[in-house]
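Protein chains in written order, with my numbering: chain C, 1 to 115; chain F, 1 to 113.
By construction, the Cβ of each residue, glycine as well, lies at the ideal position given by its N, Cα and C atoms.
Small disclaimer: the values here were computed from a predicted structure and weren't measured.
This report concerns only the one structure given below.
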Amino acid sequence: GAGVSQSPSNKVTEKGKDVELRCDPISGHTALYWYRQRLGQGLEFLIYFQGNSAPDKSGLPSDRFSAERTGESVSTLTIQRTQQEDSAVYLCASSFTGGSGYEQYFGPGTRLTVT
Amino acid sequence: QKEVEQDPGPLSVPEGAIVSLNCTYSNSAFQYFMWYRQYSRKGPELLMYTYSSGNKEDGRFTAQVDKSSKYISLFIRDSQPSDSATYLCAMSVLTGGGNKLTFGTGTQLKVEL
Numbered sequence: 001g002a003g004v005s006q007s008p009s010n011k012v013t014e015k016g017k018d019v020e021l022r023c024d025p026i027s028g029h030t031a032l033y034w035y036r037q038r039l040g041q042g043l044e045f046l047i048y049f050q051g052n053s054a055p056d057k058s059g060l061p062s063d064r065f066s067a068e069r070t071g072e073s074v075s076t077l078t079i080q081r082t083q084q085e086d087s088a089v090y091l092c093a094s095s096f097t098g099g100s101g102y103e104q105y106f107g108p109g110t111r112l113t114v115t
Numbered sequence: 001q002k003e004v005e006q007d008p009g010p011l012s013v014p015e016g017a018i019v020s021l022n023c024t025y026s027n028s029a030f031q032y033f034m035w036y037r038q039y040s041r042k043g044p045e046l047l048m049y050t051y052s053s054g055n056k057e058d059g060r061f062t063a064q065v066d067k068s069s070k071y072i073s074l075f076i077r078d079s080q081p082s083d084s085a086t087y088l089c090a091m092s093v094l095t096g097g098g099n100k101l102t103f104g105t106g107t108q109l110k111v112e113l
């Protein structure tokens, strides 16, 4: 079946502009995660959504970052007033929760470059 | 100190070699351990996962967890050039719901002909 998809694949923006990144999870997956991967570094957790529960926002680095999810489908990550340190690959993952397993499957990522 | 430590490499081996990749961690609450493979400019691909100490084998790959030492390993037998990638260890606490993963920085592996 279809995997996790993300769009756009690449985004170049000027410092100070807002950007919106999109994630389509695997159908039926109740949990959705956003991670950030800076050059030469491991993945850094940002936020996760599970069903209708309040999202865990504990990884968001500043109030310029926000995310929404519509039900158990699409999610958007918004970065306002982008800074050069926001340049990274933004990865989305989805998973089942509970007894079906916890394995997270990743999308291809959105490569964000802030100039 | 990072919660998960992983040697970034690069690690270069000849084709057919046995590769050993390792991570150490400091959070004793971690219960769920995974290995991902990431090719250049691609998303991470889940290779193996385990919930318990001991070994788990899948084809040429063996994952090993030693909770008493807070040490996990991934072994690749008969390594192939197609195994050249960055290998990421990841782990989490099991909460019964979603589980945010803590990743190592990744080890870059090159398998040469």
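* Residues in the region 78-112 of chain C having any Cβ partner in chain F nearer than 9 Å -> For the region 78-112 of chain C, the set of positions with a beta-carbon nearer than 9 Å to some beta-carbon of chain F reads VAL89, LEU91, CYS92, ALA93, SER95, THR97, GLY98, GLY101, TYR102, GLU103, GLN104, TYR105, PHE106, GLY107, PRO108, GLY109 and ARG111 in chain order.
* Between C/VAL12 and C/PHE106, is the Cβ-Cβ spacing less than 8 Å? -> The residue you call residue 12 of chain C lines up with position 12 of the first sequence. The residue you call residue 106 of chain C lines up with position 106 of the first sequence. Taking 8 Å as the cut-off, the beta carbon of C/VAL12 is found no closer than this to the beta carbon of C/PHE106.
* Mind checking whether F/VAL4 and F/PHE75 have CB atoms under 8 Å apart? -> Working through the second sequence from its first residue, we reach residue 4 of chain F at position 4. Working through the second sequence from its first residue, we reach residue 75 of chain F at position 75. The Cβ-Cβ distance between F/VAL4 and F/PHE75 does not fall below 8 Å.
* Does the beta carbon of F/ASN55 come closer than 8 Å to any beta carbon on chain C? -> Within the second sequence, the letter at position 55 stands for residue 55 of chain F. Chain C contact via Cβ: absent.
* Asked: Secondary structure at F/SER82, three-state DSSP: helix, strand or coil?
  -> To locate residue 82 of chain F, count along the second sequence from 1; it is residue 82. DSSP places F/SER82 within a helical segment (H, G or I) once states are collapsed to three.
* Whole-angstrom C-beta distance between C/GLN80 and C/ASP24, which should lie under 8 Å -> Counted from its first residue, the first sequence places residue 24 of chain C at position 24. Counted from its first residue, the first sequence places residue 80 of chain C at position 80. 23 Å between Cβ atoms; not a contact.
* Pick from C/THR115, C/SER75 and C/LEU43: whose alpha carbon is nearest that of C/VAL89? -> Within the first sequence, numbered from 1, the residue matching residue 89 of chain C stands at position 89. Nearest option by C-alpha distance: C/LEU43.
* To do: Taking 8 Å as the cut-off, decide whether the C-beta atoms of F/LEU47 and F/THR107 are in contact.
  => In the second sequence, counting from the first residue as 1, residue 47 of chain F sits at position 47. In the second sequence, counting from the first residue as 1, residue 107 of chain F sits at position 107. Judged by their CB atoms, F/LEU47 and F/THR107 are not nearer to each other than the 8 Å cut-off.
* To do: Consult DSSP for F/VAL4 and reduce its assignment to one of helix, strand or coil.
  => Position 4 of the second sequence, counted from the start, is the residue given in the question as residue 4 of chain F. The three-state reading of DSSP puts F/VAL4 in strand, counting E and B together.
* Asked: CB-CB under 8 Å to C/SER100, same chain, minus the five flanking residues each way: which ones, in chain order?
  -> As a working note, residue 100 of chain C is residue 100 in the first sequence. Only weak support exists for where C/SER100 lies, its pLDDT of 49 falling under 50; the value from the coordinates is given anyway. Counting only Cβ-Cβ distances below 8 Å, and skipping sequence neighbours, we find nothing.
* To do: Pull out every residue of the region 33-51 of chain F whose Cβ sits closer than 8 Å to any Cβ of chain C, in chain order.
  => Against chain C - using a Cβ distance shorter than 8 Å - the residues of the region 33-51 of chain F are MET34, TYR36, ARG41, LYS42, GLY43, PRO44, GLU45, LEU46 and TYR49.
* Count the C-beta pairs between the region 79-98 of chain F and the region 37-53 of chain F that are closer than 8 Å, then say yes if the count reaches three, no if not. => With a cut-off of 8 Å, the region 37-53 of chain F and the region 79-98 of chain F count as touching, because enough Cβ pairs lie within range.
* **Classification of F/ARG41 by the beta-carbon crowding that lies within 10 angstroms, buried from 16 upward** => For the purposes of this step, residue 41 of chain F is taken as the residue at position 41 of the second sequence. Exposed, because fewer than 16 other Cβ atoms sit within 10 Å of the Cβ of F/ARG41.
* Measure how close the beta-carbons of F/THR105 and F/GLN6 come, nearest whole angstrom, since I'm counting them as under 8 Å. => Taking the second sequence and counting its residues from 1, the one referred to as residue 105 of chain F is at position 105. Taking the second sequence and counting its residues from 1, the one referred to as residue 6 of chain F is at position 6. Contact holds; Cβ gap of about 5 Å.
* Asked: Does any C-beta atom of chain C lie closer than 8 Å to the C-beta of F/ASN22?
  -> As a position in the second sequence, residue 22 of chain F is number 22, starting the count at 1. Judged by the 8 Å Cβ criterion, F/ASN22 is not in contact with chain C.
* Inter-residue spacing [alpha-carbon to alpha-carbon] between C/LEU60 and C/ILE47 -> In the first sequence, residue 60 of chain C corresponds to position 60, counting from 1. In the first sequence, residue 47 of chain C corresponds to position 47, counting from 1. For C/LEU60 and C/ILE47, the distance between alpha carbons rounds to 6 Å.
* To do: Tell me F/GLU112's beta-bridge partners as DSSP assigns them.
  => The residue given as residue 112 of chain F occupies position 112 in the second sequence. Looking at the DSSP assignment, F/GLU112 forms a beta bridge with F/PRO14.
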